[in-house]
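Trainee:
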Amino acid sequence: MLLPTQDRSARRLALCLLLAGPFLFGLWAVLLGQDGNWDLRNYHWYNAYAFLTGRWGMDVAPAQVASFYNPTLDLPFFMAAQVLPARMVEFLLGSIQGANLMPLYGLAWTVQRSATPERRRALVALAVAVCGMVGGGQVGLLGTTFYDNVISLFVLGGILVAMGGEGAAWSAPNGPAFRRVALAGLLVGSGVGLKQPTIVFAVGTCAAFLAAGGTPWRRLFLAFFFGLGVLAGMAIFSGHWMWFLWSHFQNPLFPYFNNVFHSPWGTPDPYRDDKFIPKGPVAAALFPFAWALDPKLVGEIIFRDYRVLVAYVVLLLTGLVALVRWLRGQFAAEGPMVDTSGPARARRYLLLAGSLSYLVWLKLFAIYRYLIPLEMLAPVLILAAVALWPAPARARGLVTAVLLLLLAATGQSGTWARVPWGDRPFSAKVSEVQAPVLPRPDHTVILMTGYAPTSFLIPGFPPQIPFLRLQSYFIHPDQGDILLNRQMRQRIDQGIANGDDFYLLLAHWETWTMDQILPRYGLKGAGEPCQPVTSTLDEPMMLCRIIPLQPAADRDMNPVN
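Per full-length UniProt numbering, residue 1 is the first one in the sequence shown, and the count goes up by one each step.
#1: Exposed or buried, what is Cys16 when buried is set at 16 or more other beta-carbons lying within 10 Å of its beta-carbon?
#2: When you compare each of Leu327, Ser535, Ile382, His443 to Tyr503 by their alpha carbons, which one comes out closest?
#3: What I want to know is whether the C-beta of Tyr69 ends up closer than 7 Å to one or more non-hydrogen atoms of the ligand SAH.
#4: Going by C-alpha to C-alpha distance, which of Leu194, Gly140, Pro62 sits closest to Ser238?
#5: Helix, strand or coil for Trp326, going by three-state DSSP, please let me know.
#6: Kindly indicate which three-state DSSP category Glu334 falls into: helix, strand or coil?
#7: Quickly, what does DSSP pair Phe467 with across the bridge? List them, please.
#8: Any idea if Pro71 is buried or exposed, counting beta-carbon neighbours within 10 angstroms, 16 or more meaning buried?
#9: Can you tell me which of the three DSSP states Thr116 falls into?
#10: For Arg12, which three-state DSSP category applies?
#11: Distance check for Pro466 and His248, CA to CA, integer angstroms please.
#12: Report yes if the C-beta distance between Tyr69 and Val200 is below 8 Å; otherwise report no.
#13: Using CA coordinates, which residue listed in Gly137, Leu126, Phe456, Thr205 is at the minimum distance from Arg348?
#14: Skipping 5 residues on each side, what residues in its chain have a beta carbon closer than 6 Å to that of Gly149?
#15: Return the chain-ordered list of same chain residues with a C-beta closer than 7 Å to the C-beta of Gln494, the five sequence neighbours on each side being excluded.
#16: Would you mind stating whether Gly94 and Gly143 have Cβ atoms separated by less than 8 Å?
#17: Closest to Gly136 by CA distance: which of Arg307, Tyr451, Leu388 is it?
#18: Under DSSP, the beta strand (DSSP E) around Thr534 begins and ends at which residues?
#19: Applying the criterion that 16 or more other CB atoms from any shown protein chain within 10 Å of the CB defines a buried residue, is residue 565 buried or exposed?
#20: Apart from the five residues just before and just after Ile435, which ones in its own chain have a Cβ nearer than 6 Å to its Cβ?
#21: Taking a contact to mean a Cβ-Cβ separation below 8 Å, would you say Gly342 touches Ser171 in this structure?
#22: Taking a contact to mean a Cβ-Cβ separation below 8 Å, would you say Leu228 touches Gly185 in this structure?
#23: CB-CB under 6 Å to Ile517, same chain, minus the five flanking residues each way: which ones, in chain order?
#24: Which one of Asp500, Phe221, Glu510 has the shortest CA to CA distance from Arg179?
#25: Would you kindly work out how many angstroms separate the C-alpha atoms of Tyr451 and Thr511, rounded to a whole number?
#26: Please state the DSSP three-state secondary structure of Pro519.
#27: Of the residues Phe244, Asn485, Val324, Val321, which one's Cα is nearest the Cα of Pro264?
#28: Could you name the residues of the same chain whose beta carbon sits closer than 8 Å to that of Ala333, not counting the 5 residues immediately before and after it, in chain order?
#29: Give me, in chain order, the residues of the same chain whose beta-carbon lies closer than 8 Å to that of Thr340; leave out the 5 immediate sequence neighbours on both sides.
#30: State the start and end residues of the unbroken alpha helix (DSSP H) segment that holds Phe209.
#31: Among residues of its own chain, excluding the 5 on either side of Ala207, which ones have a beta-carbon nearer than 6 Å to its beta-carbon?
#32: Grab the span of the alpha helix (DSSP H) containing Asp148 for me, first residue to last.
#33: Does DSSP classify Leu286 as helix, strand or coil?
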């Protein structure tokens, strides 16, 4: 039950949360400033534009490795930004992210015992939900296009459905129970389909059924039907994209896991970013403490938040309490941890789902942004775990209250390149690009080099101009004759033969690529001043005219490799 039905004041409190919470977080997002994060400039803006305008096959990897990410999640933001001013778009995005209050409230309501007075139950649920929403990671992402706190709606909603109905997944007849967990899996799987790193929560929430209680067959079938729902959600939101990648690049996850699929379009490498994963069991066990001291161990920015750390410690203590009671022979005779009712198994499921999801995250990514749903969920986990301690209810309540107050007071968000709002609050768009006028757009090719995110500038150029990224953290001429390199080389050779105009788009701190990368394709700078390309999201970039190293006829006789 999400909204109380007996106590009117409790019901009004829940309704006020429903109506005011997202609105307040939307305002908060606007006050934080316009989102100008690196990923927005690198691919969130471009991928939606490319998908809607059919630029696939025209451009080659302008957004580096992210050029091949599923654009579905980026489409609403991009389309809204075409018709609404930037502040309104930011407000709407922040409001959607603020809607996480509701599943957090529902989960905090659910893990409390039904005998708890409704007013107290509602107040505790509200406090826990707010604590989950003001974490350092979540607030830093508020109003940004990373979407980890949008995907969290699917994860938290799926867990709430799985636990709801007074633990119906464990107490109801097979049919209703299996339908419930399939729906829960569909929600979590939809999150995975929209953003692949959400797989850590799909694995954790599915595997938790195997240990949450019930007969072995019941547990197996709960996990099975939840898994079917996950696969269905993935198919709905990413099936089309996986088919596209398979059809064009012979790898449905291209370029990831190309050591398995061996697509000729890339190198036979996994392309995974594993630099944050701790090395060794000791480092893994102490990892929450380590990143509490140095947040750069889990990401690119400085922030502070102890929610996951405190939940980690509390869950370890709760496990230790259970082990001690079992060793004393009391585990099967007393205490809340032996309660076999549906609500008790639902609470056990929540603790297992959170713990297993964390372990999968630790093994696959260890990037904090991908753990944002668990940061939000951490206060609920603390509430549920402390309730299992063999202590008086008043003492457990005091411990929980102190922990939540400390977490709320000590969080400090980081910043992901916020930019000042423009002077025209009711007309300024999210991304306004001013590009130089090019004399022959129908006979122009623009190349890109370096690591700076510049693909968001492409919509500011005439749509018939192709963009080829010769070098980035994803692709390099040293990778040899992979098909992406071959495609670009053939397009450049054709352009030289046809007398096309060539330009290079790059950041001013990456002009070294002119001397080191362009000659690999038979090109060089024209020796003319570069022209600025300005935007509302970043400092000016440079557009430089480039020319062949030698005439086309001579080049055919003496090719440059």
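Backbone N, C-alpha and C fix where the C-beta goes; we use that ideal spot for every residue, glycine too.
Mentor: Taking the structure as given:
#1: exposed
#2: His443
#3: Within the structure as shown, the ligand SAH is missing, as the structure has no ligands at all.
#4: Leu194
#5: helix
#6: Residue placement at Glu334 is flagged as unreliable, the pLDDT there being 48, under the threshold of 50; the coordinate-derived value follows with that caveat. Correct three-state label for Glu334: coil.
#7: Secondary-structure assignment with DSSP links Phe467 through a beta bridge to Ile446.
#8: buried
#9: coil
#10: helix
#11: 18 Å
#12: no
#13: Thr205
#14: It is worth fixing the name first, because residue 149 is Asn in this sequence and not Gly. These residues qualify, in order along the chain: Gln97, Gln138, Leu141, Ile372.
#15: none
#16: yes
#17: Arg307
#18: 531 to 535
#19: One cannot answer for residue 565 here, as it falls past the ends of the chain, which runs 1 to 561.
#20: Ile is not the amino acid found at residue 435; the sequence shown has Ala there. Answer for Ala435: Gly460, Phe461, Val533, listed in chain order.
#21: yes
#22: yes
#23: Thr449, Leu470, Gln471
#24: Phe221
#25: Going by the C-alpha atoms only, they are around 11 Å apart.
#26: Residue state for Pro519 is assigned as helix, using DSSP reduced to three classes.
#27: The alpha carbon of Pro264 has as its nearest neighbour, out of Phe244, Asn485, Val324, Val321, the alpha carbon of Asn485.
#28: Confidence at Ala333 is low in this model, with a pLDDT of 45, below 50, so its placement is unreliable and no value can be given for it.
#29: If we look at Thr340 and ignore the five residues flanking it on each side, its Cβ neighbours are Gly213.
#30: Taken as a continuous stretch (DSSP letters only), Phe209 belongs to no alpha helix (DSSP H), as it is neither H nor E.
#31: Same-chain partners within the cutoff: Leu356.
#32: For Asp148, the enclosing alpha helix (DSSP H) has its first and last residue at 148 to 171.
#33: coil
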